[in-house]
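J.:
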Amino acid sequence: MKQMDKDCATLGDANDEEALFLAEVIQGDSELFFLDAYLSELFGR
Amino acid sequence: MNRVVLSDQVLLNTYLSGDQSAISQLIDKHRKRVLDYIRMLVKDADVADDIFQETFIKVIRFIDEKRYTDNGKFLSWVLRIAHNQVIDYFRQTKQQNKITESDAGYDILGTMKFSERTVEDNLVAGQIEDDVRRLVETLPDEQREVVMMRYYSGLSFKEIADLTNVSINTALGRMRYALINLRKKIKENDLVLC
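Quick note, the sequences are listed as chains F and C, same order.
Sequential numbering from 1 applies to the first sequence in my numbering.
Sequential numbering from 1 applies to the second sequence in my numbering.
1) Could you tell me the distance, in whole angstroms, from the CA atom of residue 77 of chain C to the CA atom of residue 59 of chain C?
2) Following the continuous alpha helix (DSSP H) through residue 177 of chain C, name the residue where it begins and the one where it ends.
3) From the DSSP output, in three-state form, read off residue 31 of chain F for me.
4) With a cut-off of 9 angstroms, does the C-beta of residue 52 of chain C fall near any C-beta of chain F?
5) Quick one: using the 10 Å Cβ neighbour count with 16 as the cut-off for buried, is residue 147 of chain C buried or exposed?
6) Let me make sure I understand the geometry here. Which of C/144, C/27, C/165 and C/188 has the alpha-carbon closest to that of residue 174 of chain C?
7) Just to confirm before moving on: does the CB-CB distance between residue 41 of chain F and residue 74 of chain C stay below 9 angstroms?
8) Is the Cβ-Cβ distance between residue 12 of chain C and residue 70 of chain C less than 9 angstroms?
9) Starting from the Cα of residue 134 of chain C, find the closest Cα among C/89, C/182, C/46 and C/15 and give me that residue.
10) Closer than 8 angstroms, Cβ to Cβ, to anything on chain F: give me those residues from the region 161–184 of chain C, in chain order.
11) Applying a beta-carbon distance threshold of less than 7 angstroms, which residues of chain F neighbour residue 187 of chain C?
12) Could you tell me which chain C residues have their CB closer than 7 angstroms to the CB of residue 37 of chain F, listed as they occur along the chain?
13) Are the Cβ atoms of residue 79 of chain C and residue 34 of chain F separated by less than 9 angstroms?
14) Is the Cβ of residue 37 of chain C closer than 9 angstroms to any Cβ of chain F?
15) Of all the CB atoms in chain F, is at least one closer than 9 angstroms to the CB of residue 157 of chain C?
16) Are there 16 or more other CB atoms within 10 angstroms of the CB of residue 65 of chain C, so buried, or fewer, so exposed?
17) When DSSP labels each residue in this structure, what does residue 138 of chain C get in the three-state scheme?
18) Give the DSSP-derived three-state secondary structure of residue 15 of chain C in the structure shown.
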């Protein structure tokens with residue numbers, strides 16, 4: 001696979017996973033969303 | 001094309017050193033998350049866009065006025081500003097049918113003004129961070145595992161699922177329960193995230 005296609009595929013996967021995360025984990029709960037952001041920064045992701 | 005993602009701290013310092021483009025990079029880096037957060041609260045894309053703009057106007061002003069001290073939690077700080085902008089919006093429009101102020105003013109955020117942190121506040125924040133880390137350690141094994149893999153190791157859910165020999169749906173479910181559990185523990189311990 002060409003590097004550009006691989007990068008696009010990776011970006012597409014990342015977007016899919018982000019959408020999945022919002023739909024399946026956060027489920028519209030903005031407090032959980034904030035907690036996720038806080039934990040991301042706390043543990044330095 | 002490989003793109004180097006600069007840390008928030010580097011971008012902030014670069015901006016404060018006079019490079020205006022750094023603040024655009026910083027905004028772009030967090031645009032989606034901040035916008036998603038606002039949309040989740042107001043449930044109106046146009047209103048969310050307006051509040052997003054107001055949020056970052058305020059963010060830039062606070063940075064210019066040296067009212068932000070970097071503690072590695074830039075996004076959390078921006079989300080708090082966005083949260084307060086949403087509350088102001090609901091006060092102005094009095095749209096109680098969408099979300100009440102008590103709903104928007106969640107317990108874990110508290111009411112501490114983000115722009116008025118003293119040295120003592122910073123010490124308290126550090127203690128709270130230690131407490132949250134301790135609470136993560138008290139999660140059930142499966143939930144703690146997915147939390148550490150996601151936040152500490154930066155793994156995708158696909159990678160987490162593969163490494164723990166479960167389906168991606170199971171990994172996502174464990175993550176959700178971990179966050180819900182952690183929120184409950186934070187409230188039970190009267191912690192306010194800052």
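In this text, a Cβ means the ideal position worked out from N, Cα and C, and glycines have one as well.
Note that this is a predicted model, so its numbers are computed, not measured.
T.: Looking at the atomic coordinates:
1) 9 angstroms
2) 168–188
3) helix
4) no
5) Taking every protein chain shown into account, the CB of residue 147 of chain C has 16 or more other CB atoms within 10 angstroms, so this residue is buried.
6) C/144
7) yes
8) yes
9) If we check each option's Cα against that of residue 134 of chain C, C/182 comes out closest.
10) 168, 169, 172, 173, 175, 176, 179, 180, 182 and 183
11) Within chain F, no residue comes near residue 187 of chain C; the closest Cβ sits about 10 angstroms away, beyond 7 angstroms.
12) 33, 75, 76 and 79
13) With contacts defined as CB atoms closer than 9 angstroms, residue 79 of chain C and residue 34 of chain F qualify as a contacting pair.
14) yes
15) yes
16) Exposed, by the Cβ-count rule.
17) Coil.
18) helix
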